[in-house]
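As structure tokens, the structure follows; a few thoughts come after it.
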Amino acid sequence: MKIGIMGGTFDPIHLGHLATAEAVRESFSLDEIIFIPAARPPHKRGRNVADEFSRLTMTTLATQSNEFFKVSDMEMKRKGLSYTLDTMNELHEIFGQSTEIFFIIGADSLVDLQKWHAARELVDKCHFIATTRPGIDVDFSAVENFFGNVARKHIHRITTPALEISSTDIREKVRLGRSIKYLVPEVVEAYISKAGLYR
Numbered sequence: 001m002k003i004g005i006m007g008g009t010f011d012p013i014h015l016g017h018l019a020t021a022e023a024v025r026e027s028f029s030l031d032e033i034i035f036i037p038a039a040r041p042p043h044k045r046g047r048n049v050a051d052e053f054s055r056l057t058m059t060t061l062a063t064q065s066n067e068f069f070k071v072s073d074m075e076m077k078r079k080g081l082s083y084t085l086d087t088m089n090e091l092h093e094i095f096g097q098s099t100e101i102f103f104i105i106g107a108d109s110l111v112d113l114q115k116w117h118a119a120r121e122l123v124d125k126c127h128f129i130a131t132t133r134p135g136i137d138v139d140f141s142a143v144e145n146f147f148g149n150v151a152r153k154h155i156h157r158i159t160t161p162a163l164e165i166s167s168t169d170i171r172e173k174v175r176l177g178r179s180i181k182y183l184v185p186e187v188v189e190a191y192i193s194k195a196g197l198y199r
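Here it is as structure tokens:
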């Protein structure tokens, strides 16, 4: 099997996330994509992140219409710091060592991949797909130099639809009482309204 992993705070999940995931799934012939909402992230302390249940629920609602999309709460269940290597090892336990795992990340995150926990082991054991928008040129030379030959086999790039949508902007629109229609799936829009999130 070839499984894509899309992680993130998903606060909230929006159409940009979904369009990117579908483009990657089709381009790399992935069997499924698992969305894994992060637990309360330490690098976002001080910001009012929606509770874990709400973010998990919104992600589940947003992905339910695509038979190739799944959702996992494995990082929310894990205690203490959560590293990508831990997630990858857990996925291999679930799906078997022969399963190929493809982590989908933004190109800006890939630039710092060599700084990740156990980065060499991670890149050796799984694939990374860096997503960029049309017209955006990112310099990956430092990453390729750091990882050497394995970078050519396990680090991939793809240009995805140019949907200029951000969770930050969505939260601000809700706070100001403005419309978020066509930025998030209708079920997510309804959930945000009913739960009173971001006000």
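Per our numbering, the sequence shown starts with residue 1, numbered consecutively. We put the beta carbon where it would ideally sit given N, CA and C, even for glycine. Since the model is a prediction, treat every value here as computed from it, not as a measurement.
Assigned with DSSP and collapsed to three states, Arg133 falls in coil, not helix or strand. Membership of His154 in the alpha helix (DSSP H) is indicated by the continuous run Asn149 to His154.
Judged by DSSP in its simplified three-state form, Met6 adopts strand.
In the three-state reduction of the DSSP assignment, His127 falls in the strand class, which pools E and B. Taking a 10 Å sphere around the C-beta of Asp11, we find 16 or more other C-beta atoms and assign the residue as buried.
For Arg171 and Asp124, the gap between their C-alpha atoms comes out near 37 Å.
The segment 41-81 is shown to contain whole beta strand (DSSP E) runs of 3 or more residues at 69-71, in chain order. For Glu164, the three-state secondary structure derived from DSSP is coil.
The distance from the Cβ of Met74 to that of Thr63 is about 15 Å, inconsistent with a contact at the 8 Å cut-off. Between Cys126 and Tyr182, the alpha-carbon positions lie close to 34 Å from each other. Taking a contact to require three or more Cβ pairs closer than 8 Å, the segment 107-115 and the segment 131-141 qualify as touching. Contact between the segment 171-180 and the segment 151-162 is absent: fewer than three C-beta pairs spanning the two stretches fall below 8 Å. If you look at Phe95, you'll find it in the alpha helix (DSSP H) that goes Thr84 to Phe95.
Listed in chain order, the non-local C-beta contacts of Arg178 below 7 Å within the same chain number zero, local neighbours out to five positions each way being set aside.
The three-state secondary structure of Phe28, taken from DSSP, is coil. The residues Ile158, in chain order, have a CB closer than 6 Å to that of Ser27 in the same chain once the five nearest residues on each side in sequence are set aside. Proximity of the segment 184-191 to the segment 14-23 meets the contact definition, three or more beta-carbon pairs being nearer than 8 Å. Ile170 carries a helical assignment under DSSP once its states are collapsed to helix, strand and coil.
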